[in-house]
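The sequence shown begins at 4 in our numbering and counts up by one.
Glycine residues also receive a C-beta, built at the ideal position from the N, C-alpha and C atoms.
A short worksheet on the structure shown next.
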Amino acid sequence: MCRHQIVITTLVLCFSLTASSVIQGQVPDYADLFNPLNVLNLNLEMDPVDWETIRADNTYSIHRPAYFWADGENKIIVDVKRKPTEAFGGKVSLKIDINDYFDDLQWHGVKKLSLENGADTGVVKEGLAWYLHRQAVTMHASYTPPLASWVNVTVNGQLQGVYTNVEEPDKTFLRNHDLWVPDHSWLYKQGDQGSPELVAGSGDSPTYLALNYSPFSGSANPPPGYETQIENLIDMRQMLIVGAANAFTGNQDELFTKGKNFFFADFDAGTSGGKRLHFPWDLDSVFSNLNATVYGTNSAYQVYILGNPVFHDQYSQIMLDLLDGPLSVASLNGFLDELETALTPSLLADPNGSIGSTPEDVAGHFNEIRQWITLRHAKVLQEVQSNMGEASSVPEPSTIGLLGLSVLLSLAAIRKRRIALPRVN
Numbered sequence: 004m005c006r007h008q009i010v011i012t013t014l015v016l017c018f019s020l021t022a023s024s025v026i027q028g029q030v031p032d033y034a035d036l037f038n039p040l041n042v043l044n045l046n047l048e049m050d051p052v053d054w055e056t057i058r059a060d061n062t063y064s065i066h067r068p069a070y071f072w073a074d075g076e077n078k079i080i081v082d083v084k085r086k087p088t089e090a091f092g093g094k095v096s097l098k099i100d101i102n103d104y105f106d107d108l109q110w111h112g113v114k115k116l117s118l119e120n121g122a123d124t125g126v127v128k129e130g131l132a133w134y135l136h137r138q139a140v141t142m143h144a145s146y147t148p149p150l151a152s153w154v155n156v157t158v159n160g161q162l163q164g165v166y167t168n169v170e171e172p173d174k175t176f177l178r179n180h181d182l183w184v185p186d187h188s189w190l191y192k193q194g195d196q197g198s199p200e201l202v203a204g205s206g207d208s209p210t211y212l213a214l215n216y217s218p219f220s221g222s223a224n225p226p227p228g229y230e231t232q233i234e235n236l237i238d239m240r241q242m243l244i245v246g247a248a249n250a251f252t253g254n255q256d257e258l259f260t261k262g263k264n265f266f267f268a269d270f271d272a273g274t275s276g277g278k279r280l281h282f283p284w285d286l287d288s289v290f291s292n293l294n295a296t297v298y299g300t301n302s303a304y305q306v307y308i309l310g311n312p313v314f315h316d317q318y319s320q321i322m323l324d325l326l327d328g329p330l331s332v333a334s335l336n337g338f339l340d341e342l343e344t345a346l347t348p349s350l351l352a353d354p355n356g357s358i359g360s361t362p363e364d365v366a367g368h369f370n371e372i373r374q375w376i377t378l379r380h381a382k383v384l385q386e387v388q389s390n391m392g393e394a395s396s397v398p399e400p401s402t403i404g405l406l407g408l409s410v411l412l413s414l415a416a417i418r419k420r421r422i423a424l425p426r427v428n
């Protein structure tokens, strides 16, 4: 028996002896787990050799056992592996399987944790992108996206830093939102272009089989009157909300732009609304392209969905409603004010952070995000208004103020250093 198999056996035996007390110690406070203003401290304890193996694993396929707990809780045994993202300093993204050794074991209502290190865009921006989707849900009462929060992660007593804790769509996720019905529900992952992966359910869904044309499956052109069919099979308003929230963040690696990085759930007629729902995923290409169009260019989704007059007009109105409500400058900057207070101590303590080592550095980072949101809001509003050929009542920041912000941001980019910018109220 190899060394890590011995470790697994030992951990499982130790856990089994105290399983009842451990399980009773975990209170199912699912909502608190993803409170974006409550930064939890998560801990892993594992064989040091196993931890170094995980950190160095460029195949992203090696699993190792570990004890896991949040501060003030009992330990549970979990399975840990590295996720396929670049290391950020010494910090690697992690996938934690709660139920790998005990099928029914849950932790605060979930069976998996996806801990993102923010290597591509930074943990603040990645978590904020998830918050935007959470805000957009207020425009669709029956839709809940995967949730996210920020956590501190410590391994073997050594702080790794701040991570974005993202709720992974799986069968448990659907159950938590009263969407899963055995034998009548299917969950697919569209991680990359091509055929999706069936995550939950048996066989392909009737909806999947019916949508056997572009942009959903294959390259065949949609049949005449496809608008009616997809409106019967897909919750189009929900899909357009997901696309609009992605577009606001400038995400160029998502559902509409690339036909990738999302999950979708299908249901039999009369089950959970009966229509396909889309869930965003992998929000690490955000808050960088200030001038990205919200209508896209020539991807299949953009041609057949956003390019279709029926859905195009719906999408434009959804974007205006978002700008006037959950994605308004005042709403998002107000949240950033609260988040800055909650997250600053953790960002300053992060040994693998890139924001800086002083409160002024962190304040500057948050202020840059505020300025980006202010400019982006105005640019998106202008594009949508121009596209619709009409004015809107959505308030805009002053032209002079935006021009000044644009100049400051351009200078910062040229100098390749962070500058302190005044807040926009």
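Inclusion of Ile308 and Asn336 in the CB contact set at 8 Å is not warranted, their separation being larger than that value. Leu43 is bridged by DSSP to Val154.
For Gln196, there is no enclosing alpha helix (DSSP H), since its DSSP letter is neither H nor E.
For the pair Tyr216 and Pro226, the CB atoms are nearer than the 8 Å cut-off. Per DSSP, reduced to three states, the secondary structure at Ile237 is strand. By the beta-carbon neighbour count (other beta carbons within 10 angstroms, threshold 16), Val289 is buried.
Burial of Leu135 is indicated by the presence of at least 16 other C-beta atoms within 10 angstroms of its C-beta.
His143 carries a coil assignment under DSSP once its states are collapsed to helix, strand and coil. Following the DSSP letters along the chain, one finds Ala69 inside the beta strand (DSSP E) bounded by residues 67–73.
Trp183 and Tyr33 have their C-alpha atoms some 17 Å from each other. Cβ neighbours of Lys78 within its own chain (closer than 6 Å, five residues either side excluded): Tyr70, Trp72.
A contact between stretches requires three or more CB pairs, one per stretch, nearer than 8 Å, and the stretch 160–180 meets this requirement with the stretch 104–116.
A contact between stretches requires three or more CB pairs, one per stretch, nearer than 8 Å, and the stretch 277–295 meets this requirement with the stretch 239–254.
If you check the CB distance, Ile358 and Asp364 come in under 8 Å. Counting only residues of its own chain and dropping the five nearest sequence neighbours on each side, Leu43 has a CB closer than 8 Å to the CB of Leu36, Ala73, Asp74, Ser152, Val154, Asn155, Asn168. With 16 or more other CB atoms across the displayed protein chains lying within 10 angstroms of its CB, Gln241 is buried. Under DSSP, His281 forms a beta bridge with Phe267. If only uninterrupted beta strand (DSSP E) runs of at least 3 residues are considered, those enclosed by the stretch 276–361 are 280–283. Here Gln193 is not near Phe282, since their CB atoms are 8 Å or more apart. Annotation: Tyr146 to Leu280 spans about 8 Å, alpha carbon to alpha carbon.
With fewer than three CB-CB distances shorter than 8 Å, the stretch 253–266 does not count as touching the stretch 323–338. Excluding sequence positions up to five before and after Leu350, its CB lies within less than 7 Å of the CB of Val165, Gly356, Ile358, Val365, all in the same chain and listed in chain order.
The beta carbon of Asn390 sits closer than 8 Å to the beta carbons of Tyr298, Ser319 from its chain, once the five residues preceding and following it are set aside; these are given in chain order. Taking a contact as a CB-CB distance under 8 Å, the pair Gln305 and Phe265 does not count as one, their CB atoms being some 15 Å apart. With respect to Met49, Asn120 sits apart: the two C-beta atoms are not nearer than 8 Å. Under the three-state reduction of DSSP output, Trp183 falls in the coil class, being neither helix nor strand.
Distances from the alpha-carbon of Arg137 to those of Asp181, Leu325, His368 put Leu325 closest. In the structure shown, Lys94 falls within a strand segment according to DSSP collapsed to helix, strand and coil.
Counting along the chain, Val113 sits inside no beta strand (DSSP E), nor does DSSP assign it H or E at all. The three-state secondary structure of Tyr63, taken from DSSP, is coil. If you check the CB distance, Met322 and Val383 come in under 8 Å. In this structure, Val387 is the residue among Val52, Thr361, Val387, Thr274 with its C-alpha nearest to the C-alpha of Asp316. Membership of Leu258 in any beta strand (DSSP E) is not indicated; the residue belongs instead to the alpha helix (DSSP H) covering 258–261.
The C-alpha of Ala381 lies about 27 Å from the C-alpha of Gly262. DSSP places Gln232 within a helical segment (H, G or I) once states are collapsed to three. Here the alpha carbon of Ser220 sits roughly 23 Å from the alpha carbon of Asp186.
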